[in-house]
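Numbering (the working numbering), first residue to last: 6 to 168.
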(Lines of atoms letter the chains of each structure in order from A and count residues from 1; the text may use other names and numbers.)
(Lines give C-alpha, C1' and ligand atoms only; values in the text may rest on other atoms or scores of the structure.)
Protein backbone atom coordinates (compact mmCIF):
# COMPACT_ATOMS: atom_id res chain seq x y z
CA UNK A 1 0.00 0.00 0.00
CA UNK A 2 2.80 2.42 0.89
CA UNK A 3 4.59 1.84 -2.41
CA UNK A 4 1.30 2.32 -4.30
CA UNK A 5 0.76 5.63 -2.48
CA UNK A 6 4.28 6.78 -3.44
CA UNK A 7 3.77 5.68 -7.05
CA UNK A 8 0.47 7.59 -7.16
CA UNK A 9 2.11 10.65 -5.64
CA UNK A 10 4.89 10.56 -8.22
CA UNK A 11 2.32 10.20 -11.01
CA UNK A 12 0.23 13.12 -9.73
CA UNK A 13 3.31 15.33 -9.26
CA UNK A 14 4.04 14.86 -12.96
CA UNK A 15 0.65 16.15 -14.09
CA UNK A 16 0.78 19.76 -15.36
CA UNK A 17 -2.63 20.48 -13.80
CA UNK A 18 -1.02 20.27 -10.35
CA UNK A 19 2.02 22.48 -11.05
CA UNK A 20 2.51 24.91 -8.18
CA UNK A 21 0.36 22.98 -5.71
CA UNK A 22 2.02 22.67 -2.28
CA UNK A 23 3.61 19.28 -1.53
CA UNK A 24 1.45 18.70 1.55
CA UNK A 25 -1.67 19.17 -0.58
CA UNK A 26 -0.27 16.75 -3.17
CA UNK A 27 0.37 14.14 -0.48
CA UNK A 28 -3.22 14.44 0.71
CA UNK A 29 -4.46 14.32 -2.88
CA UNK A 30 -2.53 11.10 -3.46
CA UNK A 31 -3.88 9.62 -0.24
CA UNK A 32 -7.49 10.47 -1.14
CA UNK A 33 -7.36 9.13 -4.70
CA UNK A 34 -8.87 5.70 -5.26
CA UNK A 35 -7.45 3.18 -7.73
CA UNK A 36 -9.99 1.31 -9.80
CA UNK A 37 -9.45 -1.34 -12.47
CA UNK A 38 -11.58 -1.75 -15.58
CA UNK A 39 -11.76 -4.70 -17.95
CA UNK A 40 -11.43 -4.24 -21.73
CA UNK A 41 -14.72 -2.87 -23.05
CA UNK A 42 -15.96 -1.75 -19.63
CA UNK A 43 -17.49 1.73 -19.49
CA UNK A 44 -15.75 4.14 -17.12
CA UNK A 45 -18.41 6.82 -17.56
CA UNK A 46 -21.32 7.37 -19.94
CA UNK A 47 -22.18 10.37 -22.06
CA UNK A 48 -24.74 12.60 -20.23
CA UNK A 49 -23.91 10.96 -16.87
CA UNK A 50 -23.27 13.46 -14.09
CA UNK A 51 -19.99 12.24 -12.68
CA UNK A 52 -18.07 14.21 -10.07
CA UNK A 53 -14.70 12.51 -10.60
CA UNK A 54 -11.45 13.35 -12.32
CA UNK A 55 -9.35 10.46 -13.54
CA UNK A 56 -5.72 9.78 -14.23
CA UNK A 57 -4.89 6.72 -16.30
CA UNK A 58 -2.21 4.75 -14.47
CA UNK A 59 -1.95 1.90 -16.95
CA UNK A 60 -3.77 0.66 -20.02
CA UNK A 61 -5.71 2.55 -22.67
CA UNK A 62 -9.18 4.08 -22.87
CA UNK A 63 -11.20 5.46 -25.76
CA UNK A 64 -13.75 8.24 -26.06
CA UNK A 65 -16.86 8.03 -28.22
CA UNK A 66 -20.41 9.31 -28.47
CA UNK A 67 -23.20 7.02 -27.22
CA UNK A 68 -24.93 7.00 -30.61
CA UNK A 69 -21.75 5.88 -32.43
CA UNK A 70 -19.60 3.72 -30.14
CA UNK A 71 -17.48 2.39 -33.02
CA UNK A 72 -16.20 5.88 -33.94
CA UNK A 73 -13.28 6.46 -31.59
CA UNK A 74 -12.84 10.21 -31.12
CA UNK A 75 -9.73 10.00 -28.98
CA UNK A 76 -7.47 7.54 -27.20
CA UNK A 77 -5.97 8.02 -23.76
CA UNK A 78 -2.95 6.26 -22.31
CA UNK A 79 -0.90 6.21 -19.13
CA UNK A 80 -0.55 9.54 -17.30
CA UNK A 81 -3.44 11.17 -19.19
CA UNK A 82 -5.63 13.35 -16.95
CA UNK A 83 -9.33 13.14 -17.79
CA UNK A 84 -12.34 15.10 -16.56
CA UNK A 85 -10.66 17.72 -14.40
CA UNK A 86 -13.47 20.24 -14.86
CA UNK A 87 -15.80 17.86 -13.00
CA UNK A 88 -13.92 18.73 -9.83
CA UNK A 89 -15.31 22.27 -10.04
CA UNK A 90 -18.88 21.91 -11.27
CA UNK A 91 -21.67 19.45 -11.82
CA UNK A 92 -22.32 18.79 -15.50
CA UNK A 93 -23.20 15.83 -17.66
CA UNK A 94 -20.36 14.13 -19.51
CA UNK A 95 -20.18 15.04 -23.19
CA UNK A 96 -18.61 11.71 -24.15
CA UNK A 97 -18.42 8.08 -23.08
CA UNK A 98 -15.08 6.80 -21.79
CA UNK A 99 -14.43 3.08 -22.25
CA UNK A 100 -11.48 0.89 -21.30
CA UNK A 101 -9.83 -0.29 -24.52
CA UNK A 102 -7.48 -2.61 -22.63
CA UNK A 103 -7.34 -3.52 -18.98
CA UNK A 104 -7.09 -0.07 -17.42
CA UNK A 105 -6.18 1.17 -13.97
CA UNK A 106 -7.28 4.68 -13.10
CA UNK A 107 -6.78 6.99 -10.15
CA UNK A 108 -10.09 8.59 -9.27
CA UNK A 109 -10.62 11.75 -7.24
CA UNK A 110 -14.11 12.90 -6.26
CA UNK A 111 -15.19 16.54 -6.23
CA UNK A 112 -16.09 16.20 -2.53
CA UNK A 113 -12.57 15.12 -1.57
CA UNK A 114 -11.00 17.68 -3.90
CA UNK A 115 -12.96 20.54 -2.33
CA UNK A 116 -11.86 19.40 1.13
CA UNK A 117 -8.25 19.64 -0.06
CA UNK A 118 -8.90 23.19 -1.29
CA UNK A 119 -10.39 24.09 2.11
CA UNK A 120 -7.24 22.86 3.85
CA UNK A 121 -4.85 24.31 1.25
CA UNK A 122 -6.43 27.46 -0.23
CA UNK A 123 -3.27 28.31 -2.18
CA UNK A 124 -3.76 25.17 -4.29
CA UNK A 125 -6.92 26.55 -5.92
CA UNK A 126 -5.43 29.43 -7.91
CA UNK A 127 -2.58 27.22 -9.16
CA UNK A 128 -4.99 24.56 -10.40
CA UNK A 129 -7.33 27.13 -11.99
CA UNK A 130 -4.41 28.70 -13.83
CA UNK A 131 -3.16 25.31 -15.03
CA UNK A 132 -6.61 24.29 -16.28
CA UNK A 133 -7.06 27.64 -18.03
CA UNK A 134 -3.70 27.16 -19.77
CA UNK A 135 -4.71 23.66 -20.82
CA UNK A 136 -7.97 24.95 -22.32
CA UNK A 137 -6.12 27.77 -24.09
CA UNK A 138 -3.52 25.43 -25.62
CA UNK A 139 -6.20 22.93 -26.63
CA UNK A 140 -8.18 25.59 -28.47
CA UNK A 141 -5.03 27.06 -30.03
CA UNK A 142 -4.08 23.61 -31.35
CA UNK A 143 -7.62 22.95 -32.62
CA UNK A 144 -7.73 26.27 -34.49
CA UNK A 145 -4.33 25.69 -36.10
CA UNK A 146 -5.37 22.18 -37.25
CA UNK A 147 -8.77 23.23 -38.62
CA UNK A 148 -8.52 26.78 -39.92
CA UNK A 149 -7.35 25.87 -43.44
CA UNK A 150 -8.92 22.43 -43.84
CA UNK A 151 -12.31 22.75 -42.12
CA UNK A 152 -13.07 26.43 -41.41
CA UNK A 153 -16.75 25.60 -40.75
CA UNK A 154 -15.65 23.73 -37.62
CA UNK A 155 -14.39 26.98 -36.13
CA UNK A 156 -17.75 28.74 -36.00
CA UNK A 157 -18.65 27.26 -32.60
CA UNK A 158 -15.26 27.80 -31.00
CA UNK A 159 -14.25 30.52 -28.63
CA UNK A 160 -14.14 28.82 -25.25
CA UNK A 161 -11.09 30.95 -24.43
CA UNK A 162 -13.28 34.02 -24.96
CA UNK A 163 -15.46 33.08 -21.97
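We treat Cβ as the ideally placed atom computed from N, Cα and C, and that holds for glycine. The structure displayed is predicted, hence computed values, not measured ones.
Query raised in the report: Closest to residue 111 by CA distance: which of 121, 152 and 48 is it?
Result: Nearest option by C-alpha distance: 48.
Query raised in the report: Can you name the residues that DSSP bridges to residue 41?
Result: Secondary-structure assignment with DSSP links residue 41 through a beta bridge to 111.
Query raised in the report: Are the Cβ atoms of residue 125 and residue 33 separated by less than 8 Å?
Result: With contacts defined as CB atoms closer than 8 Å, residue 125 and residue 33 qualify as a contacting pair.
**Report entry** Outcome for residue 82 when other beta-carbon atoms lying within 10 angstroms are tallied against a minimum of 16
**Finding:** Its Cβ being crowded by 16 or more others within 10 Å, residue 82 is buried.
Query raised in the report: From this set, 45, 165, 29 and 92, which residue's C-alpha is nearest residue 54's C-alpha?
Result: From the listed residues 45, 165, 29 and 92, the smallest Cα separation to residue 54 is found for 92.
**Report entry** Terminal residues of the beta strand (DSSP E) in which residue 50 lies
**Finding:** Start and end: 48-50.
Query raised in the report: For residue 131, which residues of its own chain have a beta-carbon under 6 Å away from its beta-carbon, when the five flanking residues on both sides are left out?
Result: Excluding residues within five positions, none has a Cβ falling inside 6 Å.
Query raised in the report: So what does DSSP say about residue 142, is it helix, strand or coil?
Result: Here residue 142 sits in helix by DSSP.
Requested in this report: May I ask which residues mark the beginning and end of the alpha helix (DSSP H) holding residue 7?
Outcome: It spans 7-18 - the alpha helix (DSSP H) in which residue 7 sits, taken as one unbroken run.
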